[in-house]
Each structure stands twice: as C-alpha cells, then as structure tokens.
Amino acid sequence: MKSLPYFCRGEVIRGFGRGSKELGIPTANFPDSVVDNLPSDISTGIYYGWACVGNGDLYKMVMSIGWNPYYKNIKKSMETHVIHKFKEDFYGEILSVVMVGYIRPERSYDSLEALIAAINSDIEEAKMKLELPEHRKLKEDNFFTSTSSSTSVTPSTTASTSQTIQNGH
Ligand code: ADP
Ligand code: MG
Numbered sequence: 047m048k049s050l051p052y053f054c055r056g057e058v059i060r061g062f063g064r065g066s067k068e069l070g071i072p073t074a075n076f077p078d079s080v081v082d083n084l085p086s087d088i089s090t091g092i093y094y095g096w097a098c099v100g101n102g103d104l105y106k107m108v109m110s111i112g113w114n115p116y117y118k119n120i121k122k123s124m125e126t127h128v129i130h131k132f133k134e135d136f137y138g139e140i141l142s143v144v145m146v147g148y149i150r151p152e153r154s155y156d157s158l159e160a161l162i163a164a165i166n167s168d169i170e171e172a173k174m175k176l177e178l179p180e181h182r183k184l185k186e187d188n189f190f191t192s193t194s195s196s197t198s199v200t201p202s203t204t205a206s207t208s209q210t211i212q213n214g215h
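Residue numbers (the numbering used here): 47 to 215.
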C-alpha cells in the first residue's frame with residue numbers, strides 16, 4: 047500500500063453503541079470526514095500504528111477499517127483501539143493516528159469468542175511489529191509533536207520527520 051504510513055486526525059465520535067467496551071476492546075470512531083478522505087489504495091481490514099488523544103502520550107494502536115461483517119454494517123468505519131488503559135472516555139477529543147502497516151483483511155466470525163481471539167492476536171502482532179526501529183521512529187514525527195496538532199483536523203499523508211526543530215542544540 048503506497049499510502050502507508052498514513053497520518054490523520056479527527057474528533058472521536060460516538061460509534062454504533064454495540065458494546066465494544068463490554069468486550070474489553072473499546073474502539074474510538076472517526077467521523078465520516080476522516081473516513082471519506084482515505085486514499086483509495088487503503089483497503090478495508092486491520093491496521094497497526096501509533097495513536098494519541100489530544101496532546102497526550104503516544105500509544106500503540108490497532109485499527110479496523112471496513113464494513114464490519116460481524117455486525118452486518120452497511121456503513122464504512124474507521125475504529126481505533128488504543129493499546130492503553132484510559133481512566134475515562136474521550137469522546138469529543140482529537141485522536142491523532144499514523145497507520146503504519148496492514149495486518150489482515152476483515153472477515154466474519156462464527157462467535158464472539160472467535161472475534162475477540164482474533165482481535166487479541168491482532169493486538170499482539172501490533173505490539174511486536176511496532177518495536178521495529180523503522181516503526182518506532184514515526185513516534186518522533188512532527189505530526190505528533192507540533193503544537194498545532196490539537197487544533198487541526200486536516201488529514202495528512204506526509205511524513206515530516208526531517209522537519210524536526212533542533213531547538214538551538
Ligand atoms: P462506541 O460505539 O461509541 O465507539 P465503544 O464501546 O467502542 O463505543 O467505546 C469507544 C469509546 O471508549 C471511545 O470513543 C473512547 O471514548 C473510549 N475509550 C476508552 N479507552 C479506549 C481505548 N483504549 N481505545 C479506544 N477507545 C477508548
Ligand atoms: Mg467503537
């Protein structure tokens with residue numbers, strides 16, 4: 047996929063209220079404006095990358111893009127599970143992410159247990175892959191460190207590591 051890594055951000059909106067949280071795997075939903083901006087070569091499926099809420103710390107994440115076959119959804123969605131235990135929900139906050147790599151296509155499952163097992167194995171794969179030096183360095187990207195990151199909601203496709211301000215050192 048040519049467009050990876052792909053950077054984007056947007057407000058966290060309410061999802062379909064289908065209880066991902068009850069499964070222990072809450073997924074923060076992006077609004078249509080972000081979903082509709084995805085480059086065409088970003089296919090549906092499960093991705094891994096980095097995410098931060100507002101100006102908070104950067105954490106590993108897994109994201110599902112697609113039609114959510116298990117729930118027979120008709121709408122496309124981008125749902126991010128941040129691999130971190132938050133004290134509170136963060137609806138309305140700006141979620142910034144970089145999608146780094148692709149794990150697998152979407153599929154439907156015969157049982158909730160099978161779905162949960164698949165997601166947990168995605169999470170393990172994401173944790174491992176993101177330790178690679180070329181993936182770790184994306185954490186330092188300007189996209190996450192610049193002060194404008196909390197206000198802009200414009201999706202960006204450009205990595206900008208080289209623009210890091212040296213601060214006179
Ligand atoms: P919804 O259907 O509204 O998306 P979920 O059950 O999927 O409901 O819960 C998602 C919400 O949970 C997010 O919008 C966010 O506010 C909150 N949340 C708490 N912890 C996390 C996390 N680790 N990753 C993603 N969302 C989280
Ligand atoms: Mg959700």
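Even glycine gets a Cβ: it sits at the ideal position worked out from N, Cα and C.
- Message: Would you say the beta carbon of P72 is closer than 8 Å to some non-hydrogen atom of the ligand MG?
- Response: yes
Q) For the putative contact between F136 and V99, defined by C-beta atoms under 8 Å, what is the C-beta separation to the nearest angstrom? A) 5 Å
Check: Three or more beta-carbon pairs under 8 Å between the stretch 77-96 and the stretch 121-128, yes or no?
Finding: yes
Please check the pair I169 and I129, which I expect to be a contact at CB under 8 Å, by giving their CB distance rounded to whole angstroms. 6 Å
message: Following a CB-centred definition, is F62 positioned closer than 8 Å to any heavy atom of the ligand MG?
response: yes
Excluding the 5 residues flanking K173 on each side, which residues of the same chain have their C-beta closer than 8 Å to its C-beta?
K106 and I129
_By the DSSP assignment, the beta strand (DSSP E) with K106 in it spans what residues?_
L104 to G112
- Query: So the beta strand (DSSP E) L158 belongs to, where does it begin and stop?
  - Reply: First-last for L158: L158 to K175, but that is the alpha helix (DSSP H), not the beta strand (DSSP E).
Whose C-beta lies closer than 6 Å to the C-beta of G61 among residues of the same chain, with five residues either side of it excluded? N75
task: Tell me whether E139 counts as near the ligand MG, meaning its Cβ is closer than 8 Å to at least one heavy atom of that ligand.
output: no
Taking the alpha helix (DSSP H) that E57 falls in, what are its first and last residues? Counting along the chain, E57 falls outside any alpha helix (DSSP H), though it belongs to the beta strand (DSSP E) covering Y52 to E57.
Does N101 come out as helix, strand or coil in the three-state DSSP assignment? coil
request  = May I ask you to check if the CB of E57 is nearer than 8 Å to at least one heavy atom of the ligand ADP?
outcome  = no
Going by beta-carbon coordinates alone, are L141 and L69 separated by less than 9 Å? no
Practice item. Please find out if some non-hydrogen atom of the ligand MG comes closer than 8 Å to the beta-carbon of N75. Key: yes
Best match in P151, M47, V146 and K48 for proximity to W113 [C-alpha to C-alpha]: P151
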